[in-house]
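Input: a single structure, listed below in structure tokens.
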Amino acid sequence: MRIGDVARRSGVSARMLRHYDALGLASPSGRTSAGYREYAADDIVRIFHVESLRALGLSLREVGQALDDPSFAPADLVADLTARAEQRIARERELVERLRRVADAGPEDWEQVLGVVALLAGLESDDAGSRQRAALTVADAGVPPDALVRALLSETDENVAGALRWALSRSDADVVPALTEALADADVAVRRRAVLALSAVTGSSEALRTVVADDDPVVRRRATQALADRGDVGVVGPLVDRIVDGVADVDAAEALAALGDPSCADRLGTALRGADGPARRRIAQALGEIGGPAAVELLETLVDDPDEGTSVTAKYLLAQRR
């Protein structure tokens, strides 16, 4: 079969067939009396093998190696091709996300497009100073809030993270859903960043309530403190637990006092049962912080407490009230 016939039947151009021949990938096994290439059936099968391997993403050099080297391992080749494809897909997805972020910014001209692209690049810079400068600029530049959330959740530099939280707090967009989704992340560092950001965003109380019992004590403390600062009496129990456990107990006692809920003293009184000496002293200090008749009454019962430290604390706090 002449080269023109092979090209028509195989879909491989005559020019490419000549290139395959020059490289030794798929050469005709014969020539006509006039010197034209003449392909046999086995030659055409070889051409289809070359095309099949190229379709998998192999270079022509790799195609030749795969077809001619008996020691060539197909499994290794497939694994390498898979890794390459995954990297290519990741790059394409990253490009799509970047384009979406630019589109979400609603640019009206190319100058705005370039400005948004520059700021997004700044947020992804390896230099913390560049990221911080970008974060301090994005609030007024129309950068999509989802891009800010993504940057914040991956930010390890506290100064940059603070700038990003500031930018989010100034955003008119609803960033609560994206931050709420991050509260379920398996990475505790991401959850900590998300709860801290939610603490500074309005309309996030419902999301914060979902993590007051989180496995991580830092997440629990931040969520509880933020809700207490908003006057949510539903966190009285967790605040009392912090006092008993000695986890930022001074802040917890001050939060209970600020809440001013009548149940605070009762909850502390219940916590006294079975509490050890150090916990009893912290509870006594918290009772002195919240004040009120019920708290004073409990302090009076602690004057004769078997734990000397608790007794001394109760006497001192009562004396301060006289």
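Numbering (the UniProt record's numbering), first residue to last: 1 to 322. Backbone N, C-alpha and C define an ideal beta-carbon position, used for all residues, glycine too.
#1: When the Cβ atoms of the stretch 197-213 are set against those of the stretch 239-253, are three or more pairs found closer than 8 Å?
#2: Measuring CB to CB, does VAL201 end up less than 8 Å from SER169?
#3: Quick one: grab the DSSP three-state call for GLU38.
#4: Quick one: Cα of ALA284 to Cα of ALA197, how far?
#5: For VAL219, which of LEU183, ARG267, VAL50 has the nearest alpha-carbon?
#6: Please report the Cβ distance between residue 376 and ARG267, rounded to the nearest whole angstrom; I am assuming they are in contact, meaning their Cβ atoms lie under 8 Å.
#7: Is the distance from the Cβ of LEU179 to the Cβ of SER205 below 8 Å?
#8: Assuming ARG221 and ARG193 form a contact by the criterion Cβ under 8 Å, report the distance between their Cβ atoms to the nearest whole angstrom.
#9: Please give me, in chain order, every unbroken run of the alpha helix (DSSP H) with length at least 4 that falls completely inside the UniProt domain "HTH merR-type" (1-69).
#10: Using 8 Å for Cβ pairs, my map puts ALA265 next to LEU302. What's the rounded Cβ distance?
#11: May I ask you to report which of helix, strand or coil DSSP gives ARG321?
#12: Please list, in chain order, all residues of the same chain as PRO28 whose beta carbon is under 8 Å from its beta carbon, the five residues on each side excluded.
#13: State the Cα-Cα distance for the pair ARG15 and ALA7, rounded to the nearest angstrom.
#14: Whole alpha helix (DSSP H) runs in the stretch 218-267 with 4 or more residues, listed along the chain?
Per the coordinate set shown:
#1: no
#2: Translated into the one-based positions of the sequence shown, residue 201 becomes position 201. Translated into the one-based positions of the sequence shown, residue 169 becomes position 169. For VAL201 and SER169, yes; Cβs fall inside 8 Å.
#3: Indexing the sequence shown from 1 puts residue 38 at position 38. Residue state, collapsed to three classes: strand.
#4: Here residue 284 refers to the residue found at position 284 when the sequence shown is read from its first residue. Here residue 197 refers to the residue found at position 197 when the sequence shown is read from its first residue. Their Cα atoms are separated by approximately 33 Å.
#5: Along the sequence shown, one-based indexing puts residue 219 at 219. Out of LEU183, ARG267, VAL50, LEU183 has the C-alpha closest to the C-alpha of VAL219.
#6: Only positions 1 to 322 of the chain appear in this structure, which leaves residue 376 out of reach.
#7: For this step, residue 179 is matched to residue 179 along the sequence shown. For this step, residue 205 is matched to residue 205 along the sequence shown. Result no, Cβ atoms of LEU179 and SER205 do not sit closer than 8 Å.
#8: If you number the sequence shown from 1, residue 221 lands on position 221. If you number the sequence shown from 1, residue 193 lands on position 193. Between ARG193 and ARG221 the Cβ distance is about 14 Å, and since that is not below 8 Å, they are no contact.
#9: 3-10, 14-23, 41-55, 60-68
#10: On the sequence shown, position 265 is the one that residue 265 refers to. On the sequence shown, position 302 is the one that residue 302 refers to. About 12 Å; that fails the 8 Å criterion.
#11: Here residue 321 corresponds to residue number 321 of the sequence shown, with the count starting at 1. Three-state DSSP puts ARG321 in a helix.
#12: For the purposes of this step, residue 28 is taken as residue 28 along the sequence shown, with counting starting at 1. Once the five neighbours on either side are set aside, the close Cβ partners of PRO28 are ILE3, ASP21, ARG37, GLU38, TYR39, ALA40, ASP43.
#13: Walking along the sequence shown from the start, residue 15 turns up at place 15. Walking along the sequence shown from the start, residue 7 turns up at place 7. So the two alpha carbons sit approximately 9 Å from each other.
#14: 236-245, 249-259
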